[in-house]
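Quick note: to get the numbering used here, add 34 to the position in the sequence shown (first position is 1). The beta carbon of each residue, even a glycine, is placed where N, CA and C say it ideally should be.
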Amino acid sequence: MTFSVTILGSSSAIPTPTRFPSAHVLNVHERLFLVDCAEGTQMQLRRFHIRMNRINHIFITHLHGDHVLGLFGLISTFNLLGRKQPLHLFAPKELESVLNFNVGVFTDKLSFPVIFHPVDPNMSQLVFEDRHVSVTSLPLRHKVPTVGYLFKETPSLPNIRKDCIQQYSLGLADIVKIKNGADYIAPDGKIIPNAELTFHARLPRSFAYCSDTLYSERLVGLIRGVDLLYHEATFLDADVDLARQTGHSTALQAATAAVGAHVGKLVIGHFSSRYKNISQHLQEARNIFPETYAAEDGQVYAIPEKFG
Ligand SMILES: [Zn+2]
Ligand SMILES: [Zn+2]
Numbered sequence: 035m036t037f038s039v040t041i042l043g044s045s046s047a048i049p050t051p052t053r054f055p056s057a058h059v060l061n062v063h064e065r066l067f068l069v070d071c072a073e074g075t076q077m078q079l080r081r082f083h084i085r086m087n088r089i090n091h092i093f094i095t096h097l098h099g100d101h102v103l104g105l106f107g108l109i110s111t112f113n114l115l116g117r118k119q120p121l122h123l124f125a126p127k128e129l130e131s132v133l134n135f136n137v138g139v140f141t142d143k144l145s146f147p148v149i150f151h152p153v154d155p156n157m158s159q160l161v162f163e164d165r166h167v168s169v170t171s172l173p174l175r176h177k178v179p180t181v182g183y184l185f186k187e188t189p190s191l192p193n194i195r196k197d198c199i200q201q202y203s204l205g206l207a208d209i210v211k212i213k214n215g216a217d218y219i220a221p222d223g224k225i226i227p228n229a230e231l232t233f234h235a236r237l238p239r240s241f242a243y244c245s246d247t248l249y250s251e252r253l254v255g256l257i258r259g260v261d262l263l264y265h266e267a268t269f270l271d272a273d274v275d276l277a278r279q280t281g282h283s284t285a286l287q288a289a290t291a292a293v294g295a296h297v298g299k300l301v302i303g304h305f306s307s308r309y310k311n312i313s314q315h316l317q318e319a320r321n322i323f324p325e326t327y328a329a330e331d332g333q334v335y336a337i338p339e340k341f342g
């Protein structure tokens with residue numbers, strides 16, 4: 035069961051020859067969730083052989099061009115391809131009028147419905163849930179209303195040991211109850227504890243996307259224990275004043291968030307084009323959080339299945 039993130043764009047506001055601005059694809063059990071949609075996103079989807087018609091949900095963090103300017107082109111392409119299935123769009127409410135204007139200018143009539151879900155940037159709340167994944171918004175601290183997103187795999191039910199099914203002649207009704215946590219009460223009244231009957235519950239995997247933002251203690255509390263954290267690291271700590279002025283984080287601050295939240299792995303990105311390479315970002319973050327990786331366009335970060 036796949037749970038992976040593909041980096042489509044790791045630059046900040048200005049693209050470079052090797053880095054597009056922000057866009058990422060999360061694959062949960064072969065269902066694709068696009069997170070941010072900067073200029074060039076549809077080219078990156080083509081380049082990395084990601085089937086764009088499998089994207090039914092797009093999550094936008096905020097209305098800065100380096101996170102949203104590719105959305106209108108992508109919707110136009112969906113229309114040209116004759117898409118029929120609905121597209122669900124999650125974003126701060128300000129996007130809706132911008133979206134309607136652009137769709138109105140560039141297309142006659144869309145061949146598919148776009149369902150807009152406004153997300154409140156001031157609170158953390160469940161914004162989407164199905165049987166594979168839940169998505170919770172994360173309030174971020176930036177120059178305009180901005181939300182991050184926490185994706186959590188839906189917990190799976192445990193399996194029942196085959197020898198127990200035979201030994202106790204378990205029927206379907208018993209199996210459903212046991213899978214949902216019940217003990218088994220045998221005909222003679224003996225109680226068989228659930229833990230003796232079940233095994234290998236798959237632990238839910240999680241991914242938090244936090245860009246763009248200042249360092250935030252509140253955020254650290256909301257992303258505690260995630261398996262994979264993508265946190266912007268636009269600047270080096272030597273430029274912390276610039277980071278503060280522009281509503282961004284340094285690599286050191288991203289790593290500090292990772293340490294505080296006890297995450298499994300940190301991927302830093304959204305690098306300013308002012309830096310020729312990002313080796314210092316990586317070093318700065320790894321000094322306090324060794325499990326740090328620097329995002330590169332096209333990279334895939336897969337989280338293996340975990341069992342309890
Ligand atoms: Zn940005
Ligand atoms: Zn921004």
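Have a look at residue i and residue j and give me their C-alpha separation to the nearest angstrom.
{"i": "V297", "j": "S250", "result": "15 Å"}
{"i": "T280", "j": "R175", "result": "11 Å"}
{"i": "L248", "j": "E339", "result": "32 Å"}
{"i": "P227", "j": "L191", "result": "16 Å"}
{"i": "E163", "j": "F124", "result": "13 Å"}
{"i": "L276", "j": "P155", "result": "24 Å"}
{"i": "S44", "j": "G107", "result": "19 Å"}
{"i": "A267", "j": "E230", "result": "47 Å"}
{"i": "G342", "j": "H234", "result": "6 Å"}
{"i": "I94", "j": "A72", "result": "10 Å"}
{"i": "G138", "j": "T290", "result": "44 Å"}
{"i": "T326", "j": "K143", "result": "45 Å"}
{"i": "V293", "j": "F323", "result": "6 Å"}
{"i": "R278", "j": "V39", "result": "28 Å"}
{"i": "F241", "j": "Q201", "result": "41 Å"}
{"i": "P244", "j": "I109", "result": "Correcting the residue type first, residue 244 is Cys in the shown sequence and not Pro. When rounded, the distance between both Cα atoms is 24 Å."}
{"i": "R80", "j": "P152", "result": "28 Å"}
{"i": "N321", "j": "D197", "result": "50 Å"}
{"i": "H304", "j": "I194", "result": "45 Å"}
{"i": "A288", "j": "R85", "result": "31 Å"}
{"i": "L300", "j": "L286", "result": "12 Å"}
Consult DSSP for residue i and reduce its assignment to one of helix, strand or coil.
{"i": "N193", "result": "strand"}
{"i": "F73", "result": "It is Glu, not Phe, that sits at residue 73 in the sequence shown. In this structure, E73 counts as coil in the three-state DSSP scheme."}
{"i": "A328", "result": "strand"}
{"i": "V416", "result": "It is not possible to answer for residue 416, since the shown part of the chain is limited to 35 through 342."}
{"i": "K211", "result": "helix"}
{"i": "N61", "result": "strand"}
{"i": "G294", "result": "helix"}
{"i": "E339", "result": "coil"}
{"i": "T170", "result": "strand"}
{"i": "I352", "result": "It is not possible to answer for residue 352, since the shown part of the chain is limited to 35 through 342."}
State yes or no: is the C-beta of residue i nearer than 7 Å to some heavy atom of ligand 1?
{"i": "D331", "result": "no"}
{"i": "A47", "result": "yes"}
{"i": "H304", "result": "yes"}
{"i": "D100", "result": "yes"}
Mark residue i as exposed unless 16 or more other C-beta atoms lie within 10 angstroms of its C-beta, in which case mark it buried.
{"i": "I149", "result": "exposed"}
{"i": "D246", "result": "buried"}
{"i": "V210", "result": "exposed"}
{"i": "Q13", "result": "An answer regarding residue 13 cannot be provided, because it is not within the stretch 35 to 342 covered by the chain."}
{"i": "F54", "result": "buried"}
{"i": "H83", "result": "exposed"}
{"i": "R117", "result": "buried"}
{"i": "R239", "result": "buried"}
{"i": "E318", "result": "buried"}
{"i": "S203", "result": "exposed"}
{"i": "I302", "result": "buried"}
{"i": "E187", "result": "buried"}
{"i": "L42", "result": "buried"}
{"i": "Q119", "result": "exposed"}
I want to check one thing, is the minimum distance from the CB of residue i to the heavy atoms of ligand 2 below 7 Å?
{"i": "D246", "result": "yes"}
{"i": "H96", "result": "yes"}
{"i": "H58", "result": "no"}
{"i": "H265", "result": "no"}
{"i": "H234", "result": "no"}
{"i": "H315", "result": "no"}
{"i": "H83", "result": "no"}
{"i": "H122", "result": "no"}
{"i": "H176", "result": "yes"}
- Query: Curious, which full-length alpha helix (DSSP H) runs of at least 4 residues does the segment 79-148 contain?
  - Reply: Listed in chain order, the complete alpha helix (DSSP H) runs (minimum 4 residues) inside the segment 79-148 are 99-102, 105-114 and 129-140.
- Curious, which full-length beta strand (DSSP E) runs of at least 3 residues does the segment 216-264 contain? You should have 240-244.
- Message: So within the segment 273-322, which uninterrupted alpha helix (DSSP H) runs reach at least 4 residues, ignoring any that extend past its ends?
- Response: Here the runs fully enclosed are 274-280, 285-295 and 313-320.
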